[in-house]
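Novice:
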Amino acid sequence: MHRELHPYFLLLSTIFFILIYIPGSFCQDDERFRKCGESFSCGDIAINYPFWGGGRPEYCGGHPSLEINCESDILSIAIESTTYKVIAINTFTRIVTLARDDLLSNICLDNPENTSLDLNTFSYVSTDQNITLYYGCTLRSGSQIVPTFPNVFKCDSNIFGIYTLIDVSFDFSLVTCRNEIIARVNQTNAVALVSGTASVEVLRTAISGGFSVNWTTASFDYKCQQCDKSGGRCGSNPGFAAFSCHCVTGTHPTNCNDRQNQGGDSGKKSQKPLAVGLILGGAALAGIGVGFLIFFCRQKRKQIAAQASPAQTERKDLPILSSSNGLTSSSSPSSTAFTRSIPSYPSSADYGKGNSYFGAHVFSFAELEEATNNFDQSKELGDGGFGVVYYGKLHDGRVVAVKRMYENNFKRVEQFMNEVKILTQLHHKHLVTLYGCTSKQSRDLLLVYEYIPNGTVADHLHGNRAKSGLLSWPVRMNIAIETADALAYLHSSVIIHRDVKTNNILLDNDFHVKVADFGLSRLFPNNVTHVSTAPQGTPGYVDPEYYQCYQLTEKSDVYSFGVVLIELISSLEAVDTNRHRHDINLANMAVNKIQGRSIHELVDPNLGFLTNSSVRRMTTSVAELAFRCLQQERDLRPSIQEVLETLRGIQNGESKAQKAEVLDIVVDDVGLLKGSPSSPDSVATDK
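Numbered by mature numbering (1 follows the signal peptide of the UniProt record, and there is no 0), the letters in the sequence shown go through residues -27 to -1, 1 to 660 in order.
Written as structure tokens, this is what we have:
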């Protein structure tokens, strides 16, 4: 038996050596590939493509203007000869938050100068606002100024400065100023600056909060995705000012499968040894195969000659067949084919290959355990229906949110895989970014997201952050628009979220929206009117028709978003058992108030509904829009795209925005006007 196995052993060993060691001895990692794969962090900010600097050479960046510097864990970037402090970088939305370095050091500048952006590389984010700073101001003869006036800041004994925004006025007939510059602040700080309690400290805080700009390398995004998928690392060729994909085999124009080379001879040099290695390996393999065949035939002849007899000679074909098989029945392929275990979890052809699942990076459990300090309770950010979310910090410096699923069972794995599959194919500035996950065979199921630091909309409306009062009406209006924008993107991508609620709408430091939690989301084919599935979701947000008919449609998300709109108007929870029995369900309460022309009883009194005509107009129009979204019959609800356009019209004061004319709706045609909506949640609560 040993002699029969010897040729097989010799062949397998030789093939293994040829395929693994010989090509590898001829292949060397390209230097650019190695350099662009090295991590570089400054403080809490991880530096990735398209930025370069520090430990990242220029060819690892997307543009010469995107060079950054790190000194004492503080990032800075020079744009048009002005130095800015880099506060945050979001490579997913292509937004970098900056603050003028000179204003951070001293608001009272000796030689104030206006700055400008390189418009070929950057563009302003529209939600930020300009602020004008006037310097060298003195009183005109005979005039006086109130020293505590909020938009005046002291520079020395005789000279002061003034700042103004669109909503802040100042009587310049009383003063004269030598210089003025334009700066920018984010929307949250702009709101603080126009308040009656603004001061020079508020101005300093506004300046240090910075403003946002987009870097205009969007044309490279698709190429970078292709490069990543092919195993390369995104960069550029400074000599050609063009995108480059740095690979083990050299530098290529788009991806590692390109045959053209953009980086000189480096690709050719690295490909030539590989080709030589493969040719030599193939030749050696062919020679071993021929030698093995000759050796095998000679061994068979010796066996036949040694075992031959008169009876066996007449049936010599049988031993030849038996001997040529070389394996007993107990080890035949037909039997070993059934030794595979039946998988206990859902499987996918694209799931679990190499170090990525559906394109998402796979983290080890130990790595995430270390990032969260062994899932320390003090690092808990919150918990939901599927798991607890922890604050964590990875080795590369990225701050992340790690969701740990409650149970590692069939249902949880299905939800886990569903969220990974959906988020890896979605890319929108108002959807949370998935950095990766653990393997489905891991000790625990863990999902790793970008960390969104400012909590949820629910936190700010009726949670721990509600007393801060930061959600002014303009901020709430932007939240509604950005959430609708994210849902419109999902629906255009044939995906239904199925769990739209204020707890799943995250806010960054500038109060921009990131919609999260796609564990219940469903793909919605274009050629069908609905998907039949058991109702799932959160009480108070579930579409009544979906609950009754088991038919999930895009209008189910519209109903849930209608509840979110009412929450933004009222600051009330979707379900509250402390309210009157008929008002426990917020949707019921809203419809009754709107129908009874009592919108003022629904609106949060802190929003200025009774004192500010602009707020009154917009909140009334948004309430009307929410009323349409909360119709019991899905065909009476608008599409999410129509909702988005209406909200934008309301914000801009356009005539096409919905007017406060609820009672013009024919009562007989709208089931919801006949009484309170029969939401399954309210029915269950009443019982």
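Every residue gets a Cβ at the ideal spot worked out from N, C-alpha and C, and that includes glycine.
1. Let me check understanding here. Comparing Cα to Cα, which of 37, 62 and 109 lies closest to residue 47?
2. My assumption, with CB atoms under 8 Å, is that residue 613 sits in contact with residue 534. Please give the rounded CB distance.
3. Does the beta-carbon of residue 6 have 16 or more other beta-carbons within 10 angstroms, so that it is buried, or is it exposed?
4. Relative to the ligand SAM, is the shortest distance from any of its heavy atoms to the C-beta of residue 582 smaller than 7 Å?
5. In the DSSP assignment, find the unbroken alpha helix (DSSP H) run with residue 446 in it and report its ends.
6. Hey, quick one: how far does the beta strand (DSSP E) through residue 53 stretch, first residue to last?
7. So residue 111 and residue 80 are supposed to be a Cβ contact under 8 Å. How far apart are they, rounded?
8. Which full runs of the beta strand (DSSP E) of 3+ residues lie inside the region 344 to 421, going along the chain?
9. Please determine, among 619, 9 and 178, the residue with the shortest C-alpha to C-alpha distance to residue 454.
10. Just to check my reading of the structure: residue 435 and residue 546 have Cβ atoms closer than 8 Å, yes? What is that Cβ distance to the nearest angstrom?
11. If we ignore side chains and look at the alpha-carbon of each, how far apart do residue 585 and residue 207 end up?
12. Distance check for residue 217 and residue 226, CA to CA, integer angstroms please.
13. Note down, in chain order, each residue of its chain lying with its Cβ closer than 6 Å to the Cβ of residue 125, except the 5 sequence neighbours on either side.
14. For the region 32 to 48 against the region 384 to 395, do three or more pairs of beta-carbon atoms, one drawn from each stretch, fall closer than 8 Å, so that the two count as touching?
15. Does the region 430 to 447 come close enough to the region 468 to 487 to have 3 or more Cβ pairs within less than 8 Å?
16. Does DSSP put residue 302 in a helix, a strand or coil?
17. Measure the alpha-carbon distance for residue 184 versus residue 624 and round it to whole angstroms.
18. Can you tell which of 146, 572 and 422 has its C-alpha closest to the C-alpha of residue 592?
19. Quick check: the Cα distance between residue 88 and residue 76, rounded to an integer number of angstroms?
20. Quick check on the DSSP output: what are the complete alpha helix (DSSP H) runs of length 4 or more inside the region 560 to 641, in order along the chain?
21. Could you pull the DSSP bridge partners for residue 29 from this structure?
22. Within this structure, are the beta carbons of residue 532 and residue 603 separated by less than 8 Å?
23. Out of curiosity, what's the CA-to-CA distance linking residue 528 and residue 460?
24. Look at the alpha carbon of residue 396 and the alpha carbon of residue 422, and state the distance between them as a whole number of angstroms.
25. So, with DSSP's three-state summary, where would you put residue 474?
26. Specify whether the region 51 to 58 and the region 147 to 165 touch according to this definition: at least 3 beta carbon pairs, one from each stretch, less than 8 Å apart.
27. Which same chain residues end up closer than 6 Å to residue 450 when comparing Cβ atoms and leaving out the 5 residues on each side of it in sequence?
28. Can you tell me which of the three DSSP states residue 443 falls into?
29. Check for me: the alpha helix (DSSP H) holding residue 539 runs from which residue to which?
30. Within 10 angstroms of the Cβ of residue 441, are there 16 or more other Cβ atoms? Answer buried if so, exposed if not.
31. Can you find the residues in the same chain that come closer than 6 Å, C-beta to C-beta, to residue 120, ignoring five residues on each side of it along the sequence?
32. Rounding to the nearest angstrom, what Cα-Cα distance links residue 407 and residue 420 in this structure?
33. Check the DSSP bridge columns for residue 106 and list the partner residues they point to.
34. Can you give the Cα-Cα distance for residue 55 and residue 10, rounded to whole angstroms?
35. How is the alpha helix (DSSP H) around residue 555 delimited, first residue to last?
36. Please check the pair residue 487 and residue 425, which I expect to be a contact at CB under 8 Å, by giving their CB distance rounded to whole angstroms.
Specialist: With the given structure in hand:
1. The residue you call residue 47 lines up with position 74 of the sequence shown. Residue 47 has its Cα closest to that of 62, out of 37, 62 and 109.
2. For the purposes of this step, residue 613 is identified with residue 640 of the sequence shown, where counting begins at 1. For the purposes of this step, residue 534 is identified with residue 561 of the sequence shown, where counting begins at 1. With 8 Å as the limit, residue 613 and residue 534 qualify as a contact, their Cβ atoms being about 7 Å apart.
3. Sequence index remark: in the sequence shown, residue 6 carries index 33 (1-based). With 16 or more Cβ atoms within 10 Å of its Cβ, residue 6 is classed as buried.
4. The ligand SAM is not part of the structure shown, which contains no ligands of any sort.
5. In the sequence shown, counting from the first residue as 1, residue 446 sits at position 473. Start and end: 446 to 465.
6. Taking the first residue of the sequence shown as 1, we reach residue 53 at position 80. From DSSP, residue 53 is part of no beta strand (DSSP E); its letter is neither H nor E.
7. Residue numbering aside, residue 111 sits at position 138 when the sequence shown is read from its first letter. Residue numbering aside, residue 80 sits at position 107 when the sequence shown is read from its first letter. With 8 Å as the limit, residue 111 and residue 80 do not qualify as a contact, their Cβ atoms being about 17 Å apart.
8. 353 to 356, 360 to 366, 372 to 378 and 407 to 410
9. As a first step, residue 454 is located in the sequence shown; it is residue number 481 there, counting from the start. When only C-alpha atoms are compared, the closest one is 619.
10. Position 462 of the sequence shown holds residue 435. Position 573 of the sequence shown holds residue 546. Their Cβ separation, rounded to whole angstroms, is 5 Å, which keeps residue 435 and residue 546 in contact under 8 Å.
11. Looking up residue 585 in the sequence shown gives position 612. Looking up residue 207 in the sequence shown gives position 234. When rounded, the distance between both Cα atoms is 51 Å.
12. In the sequence shown, counting from the first residue as 1, residue 226 sits at position 253. In the sequence shown, counting from the first residue as 1, residue 217 sits at position 244. Distance between residue 226 and residue 217, taken at the CA atoms: about 5 Å.
13. Here residue 125 corresponds to residue number 152 of the sequence shown, with the count starting at 1. The answer, listed in chain order, is 133 and 135.
14. no
15. yes
16. As a first step, residue 302 is located in the sequence shown; it is residue number 329 there, counting from the start. Only weak support exists for where residue 302 lies, its pLDDT of 34 falling under 50; the coordinates are left without a value.
17. Position 211 of the sequence shown, counted from the start, is the residue given in the question as residue 184. Position 651 of the sequence shown, counted from the start, is the residue given in the question as residue 624. Each residue's Cα considered, the two are about 22 Å apart.
18. Position 619 of the sequence shown holds residue 592. Ranking 146, 572 and 422 by Cα distance to residue 592 puts 572 first.
19. Taking the first residue of the sequence shown as position 1, residue 88 is located at position 115. Taking the first residue of the sequence shown as position 1, residue 76 is located at position 103. The straight-line gap from Cα to Cα measures roughly 12 Å.
20. The DSSP assignment places 572 to 575, 586 to 602 and 613 to 625 as complete runs of the alpha helix (DSSP H) inside the region 560 to 641, in order along the chain (cut-off: 4 residues).
21. For the purposes of this step, residue 29 is taken as the residue at position 56 of the sequence shown. Its beta-bridge partners are 26.
22. On the sequence shown, residue 532 is found 559 positions in, with the first residue counted as 1. On the sequence shown, residue 603 is found 630 positions in, with the first residue counted as 1. Taking the C-beta atoms as reference points, residue 603 is found nearer than 8 Å to residue 532.
23. Here residue 528 refers to the residue found at position 555 of the sequence shown. Here residue 460 refers to the residue found at position 487 of the sequence shown. C-alpha separation (whole angstroms): 11 Å.
24. Position 423 of the sequence shown, counted from the start, is the residue given in the question as residue 396. Position 449 of the sequence shown, counted from the start, is the residue given in the question as residue 422. The alpha-carbon atoms of residue 396 and residue 422 are separated by roughly 10 Å.
25. Here residue 474 refers to the residue found at position 501 of the sequence shown. If DSSP states are grouped into helix, strand and coil, residue 474 belongs with coil.
26. no
27. Numbered from its first residue, the sequence shown carries residue 450 at position 477. 624.
28. Here residue 443 is taken as the residue at index 470 of the sequence shown, counted from 1. Coil, per DSSP.
29. Here residue 539 is taken as the residue at index 566 of the sequence shown, counted from 1. Note, residue 539: alpha helix (DSSP H), 527 to 543.
30. The sequence position of residue 441 within the sequence shown is 468, counting from 1. By the 10 Å Cβ count, residue 441 comes out exposed.
31. In the sequence shown, residue 120 corresponds to position 147, counting from 1. Reliability of the predicted coordinates at residue 120 is poor, the pLDDT of 48 falling under 50, and no value is obtained from them.
32. If you number the sequence shown from 1, residue 407 lands on position 434. If you number the sequence shown from 1, residue 420 lands on position 447. Taking the straight line from one Cα to the other gives about 8 Å.
33. Taking the sequence shown and counting its residues from 1, the one referred to as residue 106 is at position 133. The partner list for residue 106 (beta bridge, DSSP) reads 136 and 154.
34. Position 82 of the sequence shown, counted from the first residue, corresponds to residue 55. Position 37 of the sequence shown, counted from the first residue, corresponds to residue 10. Cα to Cα, the separation comes out at about 30 Å.
35. Taking the first residue of the sequence shown as position 1, residue 555 is located at position 582. Where residue 555 is concerned, there is no enclosing alpha helix (DSSP H), given that its DSSP letter is neither H nor E.
36. By 1-based counting over the sequence shown, the position of residue 487 is 514. By 1-based counting over the sequence shown, the position of residue 425 is 452. Sure, about 5 Å apart at Cβ, within 8 Å.
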